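Student: Starting off with a structure, shown below.
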Amino acid sequence: MPRRVAIIGVGATVPRPVTPELSYRELIHEAAVRAYEEAGVEPREIGTFMPCTEDFYEGISISDEYSNDQLGAVLKPVHTIGGDGIHGIATAYMQIATGLFDTAVVEAHSKASNVLTPHHIMNYAMDPVLNRPLGENPLYVAGLEMSRFMHESGATSEECAWVVVKNRRNALSNPNGAFGAKVTVHDVLSGPAAFCPLGALEMAPPSDAAFVVVLAAEDRLPARAASPVWIRGVGWSNDSPTLETRSWARALYAEAAAQRAYRMAGIRNPARDIDCFEIDDTFSYKELQHLEALGICDRGEAGKRTARGETEIDGATPVNASGGSLGCGHMLDATGLFRTVECVRQLRGEAGQVQVKDAKTALAFGWRGVPTTSGACVVLGA
Amino acid sequence: MGMRRVAVIGAGMTRFVRRAKETPKELSFEATRMALDSCEMTRDDIDCVVHGTAPDAFDGVHMKAEYLCDGSGGVGKPYTRNYVGGGTGVFAPIQGWYHIASGMFDTCLVVCEEKMSSCQPHPQGAFLTIFDHTTERALGPNLLWIFALEMNRYMQTHGITLEEIAAVSVQNKGNALDHPCAQLGKKTTVKEVLESEVLAWPVHREMVSPTSDGAVALVLASEEVARRATPKPVWIDGVGWTLDTAYWCTRDLYYPRYVETAARMAYDMAGITEPDRQIDIAEPYDPFAYKMLHHMEGLMLCGKGQAPKLVADGVTARHGRLPCCPSGGLLGVGNPIAAAGLMKIAELFWQLRGEAGKRQVPGTPRKGVAQAWGDLMQVGTVVVMGA
Amino acid sequence: MAKRVRSMQDFDFRGTALSADEFSKGKVITTTGEPHAEYAWDCGPAISRYLEELRNGRLIARWCKRCNRTMLPPRMFCELCWCPTTEWRFVRDTGIVNTFSLCNITWDMKPLKTPQIPAVIEIDGASAGMGIMHLIGGCDPRKVRIGMKVKAVWKPAAEREGAITDILHFTPA
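Protein chains in written order, with our numbering: chain D, 7 to 388; chain R, 193 to 579; chain S, 867 to 1039.
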């Protein structure tokens, strides 16, 4: 079997709605300094580097050009992944497992505040012939999906609103929670309409941040590294990219990704075998849909269990104790890495007021957002 | 250390054309379908898919690989995009390699597509935003500048003449006459190349590869699957890739050290100590004529400044001692960015199997090297393949 | 069981070439669209100061103590030794041409009446080989040479806006 691989250092900047004082270079550099310090390595000692981004998020064509200086990776093996940060984690895992490298770095960042026309850019990801001409703001896709998900699963608007209430409340206790707030189900449901049934308060606001994660093989852990958090399983998958043929009610990409990760990690019952979950909550209903797709809740149960408080920090299956995207912001393709870093902090017992008791195993799941059907999952163990 | 061996077992490609009728998804599909057919596999036999494609601005779709997923056979499968600018086409098989060499998968589809003609009024528009948005873009740079600057520095440092560089266009366009997918195969002369329009001195029109539409796909497999699937697997013996600093004006552009560092990594893995003697056939990246020479030097197939002599002496001709770009290269076959790089890997696959038809190099080539370059004179991607 | 080998000769290659005529005369169906992608990039401390000093008619660099490199454009960390840079240093607005081109066309392949002359210019006072990309002007294009000394031609102070274009071009010194 492949070598065991651990996360030995994480570095992050605090997510915030704007970061005008730093360029992307300095933002990433700050995260990298922290990560290398934790891992006890110098960048020149690291084998391989994987930044994760897409051109239109950067406003740069061939944006991988500008990916290495701030990581200390000049003339090193560096290649960009057009994927979520968890796709990056999976890639780093594979590269170490080949035996070609002993250490790897994954980087992802968001300068969402610098993107002035985010919905136009999202629309530019739509099929140019069949869908793009239909409208300027493709977040209607989320409304369509939410309708069908609620229809098939029986989840209610109130249950979706509970996700917002919980995650923003959790964020109040997390220093990374840029959007922490005390809101009620009534506040959420009576907030401005957006893409009905999706309300404006049910959509994660954008934030800026940078994340760097250092991984190493078990047989080559640096002497000064932070206590290792093991990669127990990784999985990723796509469903159909076309709006016309995809599954609207079920997140099939998440089901396939999770099955792979669970098989690798030897997990039969995720709700029992995993102690805390940081999963995509770009929109309120997405947390519920993903809970079911990841097999953490039975179909039709995620909303009920959320409303009963079972996904609270002290509940049976704590979900997004960090506050998730609704509480800390959506960070483009860095969002998955944010979730991974939050899981690492939980497993090290460093999560402060949002610490889940006795967290030994954690799961992070990222989705690449509208209009994709692309998701990636990692199971981590202390 | 016993690294898991990975082989190429199937390849497919579309014609490279100035404007294709097919959509980007259809181009991906045609190449993928041919690659699967060539080794008598179906999508059910494929464990995972990797997609290489260069700037989203060409096809005019943000997160382009997500859009192309169904054309590339990725629906319901682990699917990831890699992206290293022009180096992408030779990086994609490296990505496929580590998917399998990691032990996680046994088969992988590697697909590269580019439909540059969608970008109007000219695909060069996609390159306007490759420069630093604050310190460079205000000058209004276009892509030709950076090539002309590098070419001039290379010529000046070694005293290389325009005639010597034009000879590369003559060779590669001539080789492309025998490639069924080629866009620009033709018999031409040094004189004709030098009489073509000077776009950005010293770059002449006939020294530049065209803009193209096209797709290429490969099927990669673990040793066990490869031996079952075909009597003639072609092994990926070595892989290398490195990225130099983005501060490109602080480097001496006369020499592509980003290619050398990548080549050293690939040669080390493949056990190649004397590339000029041990490599039978090379596909250096040739989007511009001087680039083939520049990259031959970076690949250490000859000393610095020595590549022009090898071309002049016929060493790099299809029947020479070290055939370079027997496919016809990007200058002759065409340059749908990522697909063009993967075309070079497909060429080695066919050459090392003895299936290259009229393009077949004589003898029994055993080792080949393919390379691509990308970004602001930054990326080297190198693959060594063995029969 | 070894399968039959199918070589590339067994295939009819797909992909249908359209002529320029078929395309421009609308004999194929196309849809059109433009990206509306707008950005406001945060410059950060190094580049912000660089732009401010351009407005003042000066070039400023950052110095890396460990590498003893004076770097242009300025940066808050050294990409080679990867330490924070420590000092601002003004450099001169003169330099030598490292490489250049005479560009006769626009990005969309339209001819230019007089060639543009992009160049990499090694700036005096910065470390050896430390260049920036800019334009050369105010001289006969046929006279430009690698190794030539050049100096910056600035916009009048009142017209400068804190951009790289506050230098109009470099001209033979």
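Idealized CB from N, CA, C, for every residue including glycine.
None of the values given here were measured: they were computed from a predicted structure.
Does the count of Cβ pairs from the stretch 200-220 of chain D and the stretch 327-337 of chain D closer than 8 Å reach three?
Tutor: Yes, since at least three Cβ pairs between the stretch 200-220 of chain D and the stretch 327-337 of chain D fall closer than 8 Å, the two stretches touch.
Student: Could you give the DSSP three-state label for PRO928/S: helix, strand or coil?
Tutor: Inspection of the sequence shows that residue 928/S is occupied by Arg rather than by Pro. DSSP places ARG928/S in strand when its eight states are reduced to three.
Student: Going along the chain, which residues of its own chain have a beta-carbon closer than 7 Å to the beta-carbon of MET193/R, five neighbours each way excluded?
Tutor: The pLDDT assigned to MET193/R is 48, lower than 50, so where the model puts this residue is not dependable, and the model offers no usable value.
Student: What runs of the beta strand (DSSP E), each 3 residues or longer, lie entirely inside the stretch 480-566 of chain R?
Tutor: As far as the stretch 480-566 of chain R is concerned, its whole beta strand (DSSP E) runs of at least 3 residues are 559-566.
Student: Under 8 Å between beta-carbons, which chain D residues line up against PRO901/S? List them in chain order, please.
Tutor: Neighbours of PRO901/S on chain D, chain order: PHE62, HIS126, ILE127, TYR130.
Student: Which value, in whole angstroms, describes the spacing of the CA atoms of THR97/D and ARG1008/S?
Tutor: For THR97/D and ARG1008/S, the distance between alpha carbons rounds to 51 Å.
Student: Just the C-alpha distance for THR379/D and GLY241/D, rounded to the nearest angstrom, thanks.
Tutor: Roughly 14 Å between the two C-alpha positions.
Student: Measuring alpha carbon to alpha carbon, tell me which of TRP427/R, ASP324/R, PHE323/R, MET308/R ends up nearest ARG558/R.
Tutor: Nearest option by C-alpha distance: TRP427/R.
Student: Alpha carbon to alpha carbon, what distance is there between ASP61/D and ALA564/R?
Tutor: Taking the straight line joining both Cα atoms gives about 20 Å.
Student: Should SER116/D and ALA340/D be called a contact, given that it needs their Cβ atoms to be closer than 8 Å?
Tutor: Yes. Within cutoff.
Student: Just grab the DSSP bridge partners of GLY578/R for me.
Tutor: TRP427/R, LYS559/R, per the DSSP bridge assignment.
Student: GLU284/D and ALA370/D: beta carbons closer than 8 Å?
Tutor: Yes; because the gap between Cβ atoms is below 8 Å, this pair is in contact.
Student: Using a Cβ cut-off of 8 Å (strictly closer), state whether CYS516/R contacts chain S.
Tutor: Judged by the 8 Å Cβ criterion, CYS516/R is not in contact with chain S.
Student: So what's SER294/R in DSSP terms, helix, strand or just coil?
Tutor: Three-state result, SER294/R: coil.
Student: Can you say whether ASN344/R is buried or exposed, counting buried as having 16 or more other CB atoms within 10 angstroms of its CB?
Tutor: Answer is buried; the Cβ neighbour count reaches 16.
Student: Give me the chain S residues within the contact set of LYS117/D, using Cβ-Cβ distance strictly less than 8 Å, ordered along the chain.
Tutor: Within chain S, the residues near LYS117/D are TRP907, ASP908.
Student: Under 7 Å Cβ-Cβ, which residues of chain B neighbour TRP565/R?
Tutor: Judged by its chain identifiers, the structure shown contains no chain B, and its protein chains are D, R and S.
Student: With a cut-off of 8 Å, does the C-beta of ILE913/S fall near any C-beta of chain D?
Tutor: Judged by the 8 Å Cβ criterion, ILE913/S is in contact with chain D.
Student: Find the nearest neighbour of PRO23/D within the set GLU71/D, ILE52/D, ALA216/D, judged by alpha-carbon distance.
Tutor: Out of GLU71/D, ILE52/D, ALA216/D, ALA216/D has the C-alpha closest to the C-alpha of PRO23/D.
Student: Going by C-alpha to C-alpha distance, which of ILE238/R, GLY555/R, LYS217/R, ALA504/R sits closest to VAL382/R?
Tutor: With distances taken between Cα atoms, VAL382/R lies closest to ALA504/R.
Student: Per DSSP, LYS1015/S is paired with what?
Tutor: Paired residue(s): ILE962/S.
Student: Are the stretch 432-443 of chain R and the stretch 222-241 of chain R in contact at 8 Å, needing three or more beta carbon pairs?
Tutor: Cβ pair count under 8 Å is below three, so no.
Student: Using a Cβ-Cβ distance cut-off of 8 Å, determine whether ASN137/D contacts chain R.
Tutor: No, because no Cβ of chain R sits closer than 8 Å to the Cβ of ASN137/D.
Student: Can you pull the chain D residues whose beta carbon is under 9 Å from the beta carbon of ASP436/R, in chain order?
Tutor: The answer, in chain order, is ASN74, VAL80, LEU81.
Student: Output, in chain order, the set of chain D residues within a Cβ distance shorter than 7 Å of TRP948/S.
Tutor: Result: PRO49, GLY78.
Student: Under 7 Å Cβ-Cβ, which residues of chain D neighbour LYS307/R?
Tutor: Within chain D, no residue comes near LYS307/R; the closest Cβ sits about 11 Å away, beyond 7 Å.
Student: Under 8 Å, Cβ to Cβ, is there at least one residue of chain D near GLU945/S?
Tutor: True, the Cβ-Cβ gap to chain D drops below 8 Å.
Student: With DSSP as the reference, label THR380/R as helix, strand or coil.
Tutor: If DSSP states are grouped into helix, strand and coil, THR380/R belongs with coil.
Student: Assign ASN922/S to one of two classes, buried (16 or more other C-beta atoms within 10 Å of its C-beta) or exposed (fewer than that).
Tutor: Exposed, by the Cβ-count rule.
Student: Indicate whether at least one CB of chain R lies closer than 8 Å to the CB of TRP242/D.
Tutor: It does; some Cβ of chain R falls within 8 Å.
Student: By the DSSP assignment, the alpha helix (DSSP H) with ALA581/R in it spans what residues?
Tutor: Chain R is shown from 193 up to 579; residue 581/R falls before or after that span and cannot be answered.
Student: Mind listing the chain D neighbours of GLU904/S? Cutoff is C-beta to C-beta under 7 Å, in chain order.
Tutor: Simply LEU122, THR123.
Student: Contact between the stretch 482-501 of chain R and the stretch 264-277 of chain R is defined here as three or more beta-carbon pairs at a separation below 8 Å; is this criterion met?
Tutor: In short, these stretches do not touch, since the Cβ pair count stays below three.
Student: Less than 8 Å between CB atoms is the rule here; does MET193/R satisfy it with respect to chain D?
Tutor: Its pLDDT being 48, under 50, MET193/R is placed unreliably by the model, and nothing is read from it.
Student: Taking only heavy atoms of the ligand COA into account, decide whether any of them is closer than 7 Å to the Cβ of VAL200/R.
Tutor: Absence of the ligand COA is noted for the structure shown, with no ligands found whatsoever.
Student: Would GLN570/R pass as an interface residue toward chain D - the criterion being a Cβ-Cβ separation below 8 Å?
Tutor: Yes, GLN570/R counts as interfacial toward chain D.
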